[in-house]
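J.: In my numbering, the protein residues as written are 1294 to 1606.
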Amino acid sequence: MKLLDIFLSGRTALPALPPPRRAVVALGGGGARGIAHLGVMQSIGESGVQTERIVGVSMGSLVGAMCAADRDILRVQAKAIELLHSPIFHRKQQVLFGAAPPADEESSGGIFSWYGRIRRYLGAHRKLSRVVTSASLIPADPLRDSIDYLLPDVDLQDLPIPMSIVAVDLLSGQRVVVEKGPLRRAVLASSAIPGIFPPVPWDGMLLSDIGVVESVPAMVAKTYASDMTIAVDVGQDHTKIDQCKTAIEVMMRVDDICEQLLRRKILEPADLVIRPSVGNVAWFDFSEPERLIDEGRSAGHRALGTMGKASAA
């Protein structure tokens, strides 16, 4: 017997390492609260779980596309923070929400209430005419400019991490899952809040944000998952309000309640739900992106750590 054979015969075979867990990650809508997704995605990567696909809706489609286009999560976070703190972003916010901020709102970052914005539109005959005759209250330019800054001009199929973007076709009334085509345009469609931003034409369809009825695309994500589905919920807290006076406030309040009730059902397919503590943040308040990212990172580490302990047990 050769010396090498003798040596090998005495060795004890090492146990094979288990393959890393793979996850399809569903990122939900929530406006500014969706910035927390960036912290969650960092925690998923640090946990050793491999993201095999990202499925996003509304703000989750934008953040998800950023992560799918660039695997360097710290660079992605820095780019988002740079935009949100930039003078040009604040100027666009002022154009979007009104001319000059009231003194009490200026201290919170100069981001104005959507309710007030809509009331101003409906308060004047000229603005009321726009509601009746136009596709949206606000043109797509401010939203499109941010998307163009944050995302490369590529096809969905060419992303380093596979990506699916969820929207609704207003013409057929059906959910649409976009897997190919211009990335920026797909994100614009999924982020087009009905009535606020104009819907986006797409292959004979008219696409818009589906977030009111499917705020977290966990059901879609489940259809792709080979191992597990992680859903990230950045929805608003189930808070009471003191009053609901105007017709617009009533309609938007009902939308909020319906979204919260539906969210319980649409999260059921997920194997793990991560809920960053951002439910008290107004969806138009982008003034503290670092804190939102930190909340997402902390929530991700807690949830993934619990998952690891459960697996060991």
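All C-beta atoms in this analysis are idealised placements derived from N, C-alpha and C, irrespective of residue type, glycine included.
1) Please work out which residues of its chain come closer than 6 Å, Cβ to Cβ, to ARG1672, disregarding the five sequence neighbours upstream and downstream, and give them in chain order.
2) Between the alpha carbons of ILE1374 and ALA1325, how many angstroms are there, rounded?
3) Drop a sphere of 10 angstroms on the beta-carbon of ARG1590, count the other beta-carbons inside from all chains shown, and report buried for 16 or more, exposed for fewer.
4) In the DSSP assignment, what are the bridge partners of ALA1319?
5) Check whether the Cβ atoms of ALA1482 and VAL1493 sit closer than 8 Å, and answer yes or no.
6) The alpha helix (DSSP H) with ARG1368 in it runs from where to where?
7) Tell me which residues share the same chain as ILE1440 and place their Cβ nearer than 8 Å to its Cβ, disregarding the 5 neighbours each side in the sequence.
8) Do you know offhand how far THR1514's Cα is from GLY1353's?
9) Spell out a yes or no on whether the stretch 1322 to 1336 and the stretch 1574 to 1594 are touching, meaning 3 or more CB-CB pairs, one atom from each, closer than 8 Å.
10) Should the stretch 1497 to 1516 be called in touch with the stretch 1460 to 1475, which here means at least 3 C-beta pairs below 8 Å?
11) Using only CA atoms, which one of ALA1358, ILE1567, LYS1533 and ILE1486 lies nearest to ASP1446?
12) Given this structure, state the Cα-to-Cα distance separating ALA1563 from ILE1523, to the nearest angstrom.
13) Under a three-way DSSP split, which group does GLY1569 fall into?
14) Check the C-beta distance from VAL1527 over to GLY1323 and give it rounded, since I have them as a contact under 8 Å.
15) Suppose the cutoff is 6 Å on Cβ atoms and the five residues either side in sequence are ignored; what does the same chain contact list for SER1501 look like?
16) So, TYR1442 versus LEU1376, is the Cβ gap smaller than 8 Å?
17) Quick check on this structure: which residue in VAL1525, ILE1454 and ARG1546 has the alpha carbon closest to the alpha carbon of ILE1534?
18) When DSSP labels each residue in this structure, what does ASP1397 get in the three-state scheme?
19) Less than 8 Å between the beta carbons of ALA1575 and PHE1490, yes or no?
20) Can you check DSSP and say which residues form a bridge with LYS1544?
21) Can you name the start and end residues of the alpha helix (DSSP H) that PRO1435 belongs to?
22) At the level of alpha carbons, what is the spacing between ASP1496 and PRO1510?
23) Quick check on LEU1331: does DSSP put it in helix, strand or coil?
24) DSSP three-state label for ARG1477, please.
25) Leaving out five residues on either side along the sequence, give the residues of the same chain with a beta carbon under 7 Å from the beta carbon of GLY1474.
T.: Per the coordinate set shown:
1) Because the chain here runs from 1294 to 1606, residue 1672 falls outside it and cannot be looked at.
2) In the sequence shown, residue 1374 corresponds to position 81, counting from 1. In the sequence shown, residue 1325 corresponds to position 32, counting from 1. Answer to the nearest angstrom: the Cα atoms are 12 Å apart.
3) In the sequence shown, the residue the question calls residue 1590 occupies position 297. Buried, because 16 or more other Cβ atoms sit within 10 Å of the Cβ of ARG1590.
4) Residue mapping note: residue 1319 aligns to position 26 of the sequence shown, counting from 1. ALA1319 pairs with VAL1348 and ALA1524.
5) Here residue 1482 refers to the residue found at position 189 of the sequence shown. Here residue 1493 refers to the residue found at position 200 of the sequence shown. Cβ atoms of ALA1482 and VAL1493: closer than 8 Å.
6) Your numbering for residue 1368 matches position 75 in the sequence shown. 1366 to 1377 is the extent of the alpha helix (DSSP H) around ARG1368.
7) Numbered from its first residue, the sequence shown carries residue 1440 at position 147. Same-chain partners within the cutoff: LEU1355, ARG1477, VAL1480, LEU1481 and SER1484.
8) The residue you call residue 1514 lines up with position 221 of the sequence shown. The residue you call residue 1353 lines up with position 60 of the sequence shown. The sequence as given places Ala at residue 1514; Thr does not occur at that position. Each residue's Cα considered, the two are about 13 Å apart.
9) Yes, the stretch 1322 to 1336 is in contact with the stretch 1574 to 1594.
10) Yes, the stretch 1497 to 1516 touches the stretch 1460 to 1475.
11) Start at 1 with the first residue of the sequence shown, and residue 1446 comes out as number 153. Of the listed residues, the one whose Cα sits closest to ASP1446 is ALA1358.
12) Sequence index remark: in the sequence shown, residue 1563 carries index 270 (1-based). Sequence index remark: in the sequence shown, residue 1523 carries index 230 (1-based). Straight-line spacing of the CA atoms in ALA1563 and ILE1523 works out to 6 Å.
13) Counting from one through the sequence shown, the residue named residue 1569 turns up at place 276. Reading off the sequence shown, one finds Pro at residue 1569, where the question assumed Gly. Three-state DSSP puts PRO1569 in coil, outside helix and strand.
14) Locating residue 1527 in the sequence shown gives position 234, where the first residue counts as 1. Locating residue 1323 in the sequence shown gives position 30, where the first residue counts as 1. Between VAL1527 and GLY1323, the beta carbon gap of about 4 Å places them in contact (Cβ cut-off 8 Å).
15) Counted from its first residue, the sequence shown places residue 1501 at position 208. Within the same chain, SER1501 has close Cβ partners VAL1461, LEU1463, ALA1485, PRO1487 and PRO1492.
16) The count along the sequence shown starts at 1 and reaches residue 1442 at position 149. The count along the sequence shown starts at 1 and reaches residue 1376 at position 83. For the pair TYR1442 and LEU1376, the CB atoms are nearer than the 8 Å cut-off.
17) Your numbering for residue 1534 matches position 241 in the sequence shown. Cα-wise, what sits closest to ILE1534 is ARG1546.
18) Taking the first residue of the sequence shown as 1, we reach residue 1397 at position 104. Here ASP1397 scores only 43 on pLDDT, less than 50, and its place in the model should not be relied on; the value that follows carries that caveat. Helix, per DSSP.
19) Here residue 1575 corresponds to residue number 282 of the sequence shown, with the count starting at 1. Here residue 1490 corresponds to residue number 197 of the sequence shown, with the count starting at 1. Contact annotation: ALA1575 and PHE1490 have beta-carbon atoms that are not nearer than 8 Å.
20) For the purposes of this step, residue 1544 is taken as the residue at position 251 of the sequence shown. First, the residue type needs correcting, since residue 1544 is Met and not Lys in the sequence shown. In DSSP, MET1544 forms no bridge with anything.
21) Within the sequence shown, the letter at position 142 stands for residue 1435. Counting along the chain, the unbroken alpha helix (DSSP H) around PRO1435 starts and ends at 1434 to 1443.
22) For the purposes of this step, residue 1496 is identified with residue 203 of the sequence shown, where counting begins at 1. For the purposes of this step, residue 1510 is identified with residue 217 of the sequence shown, where counting begins at 1. Looking at the two C-alpha atoms, the distance is approximately 22 Å.
23) Within the sequence shown, numbered from 1, the residue matching residue 1331 stands at position 38. In the structure shown, LEU1331 sits in a helix (DSSP, three-state: H, G or I).
24) Working through the sequence shown from its first residue, we reach residue 1477 at position 184. ARG1477: helix per DSSP, three-state reduction.
25) Position 181 of the sequence shown holds residue 1474. Cβ neighbours of GLY1474 within its own chain (closer than 7 Å, five residues either side excluded): ASP1448 and LEU1449.
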